[in-house]
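**Q** Input: one structure, supplied below.
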Amino acid sequence: MASTQTPSLEHWDIRHHNDVEWLPWGSKGNARVKVLGEADGYTVAVVEADAGYEASEHEHAHAEFFYLIDGSIRNQGQQMDTGDGYAAARGSVHTDFKVQRPSVYLSIFRL
47 MASTQTPSLE HWDIRHHNDV EWLPWGSKGN ARVKVLGEAD GYTVAVVEAD AGYEASEHEH
107 AHAEFFYLID GSIRNQGQQM DTGDGYAAAR GSVHTDFKVQ RPSVYLSIFR L
């Protein structure tokens, strides 16, 4: 028998893409971000970046997860194309991230 109760949204942060504003992203090139949810200090973000965008060097204080929805980037010397992803462990150092052609990607991180 199916439940007729409305599911609880307590402890959920659900955001609809079309309702979220784009914000500037990074400082080395043209990119923008939509934050689609936050919980326990983690952020789920979709990023659109033009060719030439580069991430600043940084160390990960927490794990970071990435999925390339569309495009082409170089990450830590590795070529990544549509459908590729990575997980970076806490303590990893990000020294090489450059968008090679316009890209859209999902990033899950904690600052």
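Counting from 1 along the sequence shown, just add 46 to a position and that's the residue number in our numbering.
Think of the CB as a built atom: it goes at the ideal place given N, C-alpha and C, for glycine as much as any other residue.
Because the structure is a prediction, the values reported are computed rather than measured.
(1) On the three-state DSSP scale, how would you describe N64?
(2) To which residues does DSSP link N76 through a beta bridge?
(3) Mind checking which residues open and close the beta strand (DSSP E) that includes P148?
(4) Run through DSSP, which three-state label would R136 get?
(5) Taking E67 as the reference, give the member of E56, K74 and V79 with the closest Cα.
**A** For this structure:
(1) Taking the first residue of the sequence shown as 1, we reach residue 64 at position 18. Reduced to three states, the DSSP call for N64 is helix.
(2) Position 30 of the sequence shown, counted from the first residue, corresponds to residue 76. According to DSSP, which records beta bridges pairwise, N76 is partnered with nothing at all.
(3) Locating residue 148 in the sequence shown gives position 102, counting from the first residue. Segment F143 to R156, the beta strand (DSSP E) holding P148.
(4) Numbered from 1 along the sequence shown, position 90 holds the residue referred to as residue 136. Note: R136 maps to coil in three-state DSSP.
(5) Position 21 of the sequence shown holds residue 67. Minimum Cα distance to E67 is reached at V79.
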